[in-house]
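Read top to bottom, the protein sequences are chains E and W. In this text, residue positions in the first sequence follow our numbering: the first is 82, and each later residue adds one. In this text, residue positions in the second sequence follow our numbering: the first is 36, and each later residue adds one. Working notes, beginning with the structure itself.
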Amino acid sequence: MNKTRLKIYLAAGLILAAIASAAALNYKSGWMPALKPLDFLDFTESCDHTAGYLVNIMDDDGNIISKVARGVAAGDEIIQSDGKHYRVTKVGGNYARAKLEGTDRQYLAYCEYYAKMAVPVTTVARDGRNLVGIYHTHSAESYVPTDGSETIPFRGGIYRVGQSLANRLQKQNVNVSYDRTPHDPQDNNAYYRSRRTATRLLKDNPVALLDVHRDGIPDADYYKRNISNTPVTQLRLVIGRQNPNMRANLDFARRMMAFANKTHPTIVKEIFLARGNYNQDLMPTALLIEAGTHTNSGQEAANGVALFADAIPTVLGVAGAPGGVTGAAGTGGAWRALAWILGITLLGGGAFLVISSGGLKQAANRLSSYVGREFTGFLGPVRGLRQRITARRRTTPDHGEGEYNPDANEIDGENRKKIR
Amino acid sequence: MTRLPVGMIILLIVAALIFFGLAQRALDRMKLSDKGALAVIAGLIIGSFIDIPVWGGRYPVTVNVGGALIPLGLAVYLVATAGTSREKIRSLAGSVITALVIFGLGTMVMTGLPEPSGRFGVIDALWLFPLAAGVVGYLAGRSRRGAFVSAVMGLLIFDVGHYAWLVSRGAPAGRADIGGAGAFDAVVIAGIFAVLLAETVGEVRERMAGGPSEKGKARSLISALRKPDLDGEADAAREKEEGSGRKLGFWKRGKRERESKGGVQE
């Protein structure tokens, strides 16, 4: 008992010492100015203009292919509006290196498909089955030039952008369910809270679920464009890689980028595959949209999503046009997502079985005994029949004419019926 | 999208089947029989559609039956029926620690302007929670049940904390839908994955230590680890074996079990 108590005191002492030294370093760090451990826990920090949070992603030749205000990780992918597909290979400080993986054939195929498709003038019937759900996980996000601040708790400038998207969709007779629930504070847990909002929207059976955000890079010109004679900010579509449905969501994003860029060229800048889930596991047609950055004007961001909205009815098939998610262009993404889920389940389950039973052989034994036990009822008739047939073969030569057994005959008959 | 394509329908069905299959395996270890686990899953699914409004002042508060009440009920049942008071304390302490860890990681560390999930947005909240709860629950009691209780109660404590934050900030708008995403709420997902994590870690540790050892363990513990003794057959056999029918007193029995405890407990 004393030993345990000693251990507890020791552990508590070590924790206290660690906290004390971290605090000391934080406030008196003359000998190592860069190291401020407690900045890690700085609740009020907004790291917009600190260089550490702008990551320039460059290709092998040193050209900047993307700028993001996020923690980039090796394995993140970018599909640009011209179809170039990059994969991040190395991350260090403010720079990340991405390798060109060629062109994204699926995306180019969609571009070609939509280019050939005769798009009907959208006449959407208000039949209540063409609902689009819109919400904001980060409801404090704002635009400095128009809102005066980059974050306004509970009522950020992002609501104006969401409203613009909703209005434009409604103009095209698409039903919109725009949920204005704030999910403050702006942090990772906001997704935990917005998951409830997303599910509430799902109960109305929408065809798509859009989570509207803005980026946080300092460079306003990176997004600012003049498209279709309108000053806008370009958009980035973000797909979470920590999501079993990822392939299906990515497929939807490819269609959206292909058709939106056909309608209003380069309105969608790129698709970014990042770490995260972003509640996209809830629906294969869930998307996260980043409309410009905080240094852009809110109005330009609102214009940008409005142009994007023009493409939504056709891609979702609610305009009665071919080529929607339900249309002829196929659903490769869903099948691929299915293959991934099944593969991961089999691999994970198999690995667990091998570890828990202590070897391949034991695992196989366990599996066969499990199948034997659980499927006895199901396979019973087949087995019974097989046993009876072998038993009769064995007995027939001995008894010449064979004995008539009414019970066995009846059971055999029953079994045959069941098998048929 | 008035009709869903076949691929997507199958994707949704298979994903749901795998999720509920995993849930059944996890609940199976929560002092529930196979049928009990299935009943809980049915409750989770049906309960997902039932939101109970609760008075919350200026902010609407709802409690979802499938996403909050049923997991909470199960967690309370597990704590109430825990074998020793130490186990109870450990699960409750695990819950509080989980809530703090989630607040610390999700709100204080992964915050700020970088999109979409703040700086250090290494992992989505949905997967961070079961990971944190699984680790805390496992460390608190090397127990799957502890992991489940820590995950479910930890997240619910965190939810209550968020409501208190809304009130204290005097937020102009806001709502608390506790467990609002029903069977797919982070509360349920965290509970299930925390159990599976504890189980995987437990099995790997046990295997690395040379496999399960029955030597020196109380008979009751071994039989409890094997299969739920629903018919009381093992108990009857044990009593018969112990001969005179003399039962150990509660304290002595508890002490014996504590002394022989090692490896993973369910």
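Where a beta carbon is used, it is the ideal one built from N, C-alpha and C, also for glycine. Fair warning: this is a prediction, and the values are worked out from it, not measured in the lab.
DSSP-derived helix/strand/coil call for residue i
i	result
residue 85 of chain W	coil
residue 161 of chain E	strand
residue 184 of chain W	helix
residue 337 of chain E	helix
residue 473 of chain E	helix
residue 153 of chain E	coil
residue 194 of chain E	helix
residue 178 of chain W	strand
residue 321 of chain E	strand
residue 111 of chain E	Residue placement at residue 111 of chain E is poorly supported in this model, since its pLDDT is 43, which falls under 50; the coordinates still yield a value, given next. Three-state DSSP puts residue 111 of chain E in coil, outside helix and strand.
residue 212 of chain W	strand
residue 314 of chain E	strand
residue 5 of chain W	For chain W, the structure presents residues 36 to 301; residue 5 of chain W sits outside this window and is missing.
residue 77 of chain E	The structure shown does not extend to residue 77 of chain E, since chain E is modelled only from 82 through 501, so no value can be given for it.
residue 170 of chain E	strand
residue 135 of chain E	coil
Reference residue i; option with closest CA among the options
i	options	result
residue 134 of chain W	W/117, W/109, W/185, W/160	W/185
residue 146 of chain E	E/350, E/88, E/197	E/350
residue 295 of chain E	E/305, E/325, E/189	E/305
residue 369 of chain E	E/379, E/322, E/376, E/342	E/322
residue 174 of chain E	E/153, E/144, E/364	E/153
residue 114 of chain W	W/253, W/187, W/239	W/187
residue 378 of chain E	E/222, E/163, E/271, E/291	E/222
residue 342 of chain E	E/361, E/362, E/317, E/226	E/317
residue 155 of chain E	E/165, E/135, E/176, E/161	E/176
residue 373 of chain E	E/450, E/243, E/144, E/429	E/243
residue 198 of chain E	E/395, E/249, E/136, E/447	E/395
residue 100 of chain W	W/232, W/215, W/241	W/215
residue 191 of chain W	W/223, W/166, W/219, W/258	W/223
residue 260 of chain E	E/383, E/216, E/211, E/100	E/216
residue 131 of chain W	W/243, W/205, W/209, W/189	W/189
residue 279 of chain E	W/183, W/67, W/220	W/220
Closer than 8 Å at the beta carbon, the chain E residues around residue i
i	result
residue 220 of chain W	276, 277, 280
residue 46 of chain W	326, 329, 365, 415, 416, 418, 419, 422
residue 191 of chain W	Result: empty, since nearest Cβ-Cβ is about 12 Å, beyond 8 Å.
residue 128 of chain W	The contacting residues do not exist; residue 128 of chain W stays about 13 Å from chain E at best.
residue 58 of chain W	What residue 58 of chain W touches in chain E: nothing, since even the nearest Cβ is about 13 Å away.
Outcome for residue i when other beta-carbon atoms lying within 10 angstroms are tallied against a minimum of 16
i	result
residue 231 of chain E	buried
residue 389 of chain E	buried
residue 90 of chain W	exposed
residue 468 of chain E	exposed
residue 187 of chain E	buried
residue 278 of chain W	Confidence is the limiting factor: at residue 278 of chain W the pLDDT is only 48, short of 50, which leaves the residue's position unreliable and the question unanswerable from this model.
residue 178 of chain W	buried
residue 445 of chain E	exposed
residue 371 of chain E	buried
residue 23 of chain W	With chain W covering only 36 through 301, there is no way to say anything about residue 23 of chain W.
residue 443 of chain E	exposed
residue 83 of chain E	exposed
residue 229 of chain W	buried
residue 113 of chain E	Residue placement at residue 113 of chain E is flagged as unreliable, the pLDDT there being 43, under the threshold of 50; a coordinate-derived value is accordingly withheld.
residue 88 of chain W	exposed
residue 452 of chain E	exposed
residue 84 of chain W	exposed
residue 158 of chain E	buried
residue 358 of chain E	buried
residue 92 of chain W	exposed
residue 270 of chain E	buried
residue 224 of chain E	buried
residue 142 of chain E	exposed
Listed by chain order, chain W residues near residue i by CB distance under 9 Å
i	result
residue 443 of chain E	Correct list: empty, because the minimum Cβ distance to chain W is about 10 Å.
Neighbour list for residue i in chain E, Cβ cutoff strictly below 7 Å
i	result
residue 207 of chain W	235, 236
residue 240 of chain W	Simply none; closest approach about 10 Å.
residue 53 of chain W	422, 426
residue 217 of chain W	280
Per-residue contacts from residue i into chain W (C-beta, under 7 Å)
i	result
residue 323 of chain E	158, 159, 162
residue 453 of chain E	None at all; the shortest Cβ gap to chain W is about 17 Å.
heavy atom of the ligand ADP below 7 Å from residue i C-beta
i	result
residue 336 of chain E	Ligands in the displayed structure: none, and consequently the ligand ADP is not present.
Beta-carbon neighbours of residue i, restricted to chain E and to distances below 9 Å
i	result
residue 212 of chain W	262, 274, 277, 278, 280, 281
Within chain W, partners of residue i - CB distance below 8 Å
i	result
residue 436 of chain E	235, 238, 239, 242
residue 431 of chain E	The premise fails here: residue 431 of chain E is roughly 13 Å from chain W at the closest Cβ pair, so nothing lies under 8 Å.
Worksheet item: Which whole runs of the alpha helix (DSSP H) in the stretch 224-305 of chain E are 4 residues long or more, in chain order?
Response: 225-228, 239-252, 271-283
Worksheet entry | Contiguous alpha helix (DSSP H) assignments of at least 4 residues, all confined to the stretch 326-395 of chain E | 327-344, 379-390
Worksheet entry | Runs of alpha helix (DSSP H) lying entirely within the stretch 95-143 of chain W, each at least 4 residues, in chain order | 105-115, 120-137
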